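One structure is given here, and the rest of the page talks about it.
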């Protein structure tokens, strides 16, 4: 039995990045032998085990054979005769298809020398910063298109090999992407959204044609013009990518990045005869993003935040001109009193939108500070005494609410 650390751990170590998790491959063993040594079987589709002490995953070397469309349509063979090279051949990218013997796994990469098992040129592609598929078997799993795209977002200075891009385009044309399950699509997209440069993920997906299949609502934004006095970059798709990269620059959480991604979807349905204006795009964006979130099973937190941002981002941008009464109405529409922490994320997304414009990358966004100040003033109003006094006067429901609102208006006005 031989044991190797494989994949991302080897790649990241060679790149000088932290190695947080290690995946192990076992060559020349059987499930029975693994269990006899105390390994705990956990794999459903193929033999994977947890180490009895470290709890790291150890998988038996295996090969795969395509049996049906989609990423689940595989027959797996795992037996003692499967070689390490055969196991590495089924991996997606050459930079993920390297291995190091267990004895050297914790040594410095500079000490690995000729210990690296690299039959497909992964170390060379790391040096030249290229994402390249290992074999033509890449085309059997459409999830790999998403993985290449998110690796491009994570390693923003890497390029995708021409032959790999051509293969991905062929997969799209043959309908493989149509068979991806929503949960897996969202899983990969979420990882890409949290990468160093999210725009690269969408650029790669668009270049191979997968974006128009997975997110047609986003794909059609390219080529749609906006008013140059507000958007010097003009193109709505380009603006969206600037917004996404600003969200990464400001280190926002995933829910904010979802809101950024979907806040302008309605601009893709603006009638051509009114362009470059986009009257009413906010409401159209809300309806579109609701369908996208349902289709991709986006978590509720991201969906609800996206709805508020899509509906109110224009009003938030213009909030410097609003008086206290209008500010309180805006806070109420954003549910900022009941969900104060979420409102802070709404403002984050709006700042990304405002600064995600050509020439505005380093601009201040004073609207956020003013609205947070108004929010704190509104939150400082003690509503219970007001409600009790109003009830004693015989007032009910909406009338009591109106008095509370007026008290908040006064507090906000005093704070400005």
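Numbering (the working numbering), first residue to last: 72 to 487.
C-beta atoms are modelled at their ideal positions from N, C-alpha and C, and glycine is treated no differently.
None of the values given here were measured: they were computed from a predicted structure.
So, residue 252 versus residue 216, is the Cβ gap smaller than 8 Å? no
Please look up how many angstroms separate the CB atoms of residue 98 and residue 73, rounded, as I've assumed it's under 8 Å. 4 Å
Distance check for residue 407 and residue 200, CA to CA, integer angstroms please. 45 Å
Exposed or buried, which one is residue 75 when buried takes at least 16 other CB atoms within 10 Å? buried
Consult DSSP for residue 204 and reduce its assignment to one of helix, strand or coil. strand
Quick test of your reading: residue 129 and residue 120, contact by CB under 8 Å. State the CB separation rounded to the nearest angstrom. 5 Å
Once DSSP output is grouped into helix, strand and coil, what is the label at residue 95? strand
Residue 177, buried or exposed, once every other Cβ within 10 Å from all chains shown has been counted against 16: exposed
Take residue 335 as the anchor and find which of 190, 291 and 483 has the nearest alpha-carbon. 291
Whether or not the segment 387-396 and the segment 272-284 are in contact is what I'm after, with contact meaning three or more pairs of Cβ atoms, one per stretch, closer than 8 Å; do they touch? no
Which runs of the alpha helix (DSSP H), 4 residues or longer, sit entirely within the segment 360-430? 371-388, 395-404 and 411-426
Could you check the C-alpha separation between residue 295 and residue 239 for me, to the nearest Å? 26 Å
Using a threshold of 8 Å, state whether the C-beta atoms of residue 470 and residue 461 are closer than that. yes
Please report the straight-line C-alpha distance between residue 267 and residue 312, rounded to a whole angstrom. 13 Å
Within the same chain, show all residues whose beta-carbon is closer than 7 Å to that of residue 326, passing over the 5 residues directly before and after it, in chain order. 372, 373, 376 and 416
How long is the line joining the alpha carbons of residue 323 and residue 414, rounded to whole angstroms? 14 Å
Close Cβ partners of residue 151 (< 7 Å) along its chain, the five nearest in sequence each way excluded: 99, 100 and 101
Could you check where the beta strand (DSSP E) with residue 119 kicks off and where it finishes? 119-121
Proximity to residue 479 [Cα-Cα], best of 196, 445, 193 and 260: 445
Sufficient close CB pairs (3 or more, under 8 Å) joining the segment 331-349 to the segment 447-467: no
Can you find the residues in the same chain that come closer than 6 Å, C-beta to C-beta, to residue 81, ignoring five residues on each side of it along the sequence? 169 and 171
Going by the DSSP bridge assignment, what does residue 128 pair with across the sheet? 94 and 121
Decide if residue 109 is buried, meaning its Cβ has at least 16 other Cβ atoms within 10 Å, or exposed. exposed
So for residue 483, helix, strand or coil by DSSP? helix
Taking the CB atoms as reference points, tell me whether residue 439 and residue 418 lie closer together than 8 Å. yes
Compare the Cα-Cα distances from residue 279 to each of 370, 232, 378 and 237 and report the closest residue. 237
Residue 304 to residue 364 span [Cα, whole Å]: 28 Å
Own chain residues within Cβ distance below 8 Å of residue 214, not counting five before or after: 142, 251, 255 and 259
With H, G and I counted as helix, E and B as strand and the rest as coil, what does DSSP make of residue 112? strand
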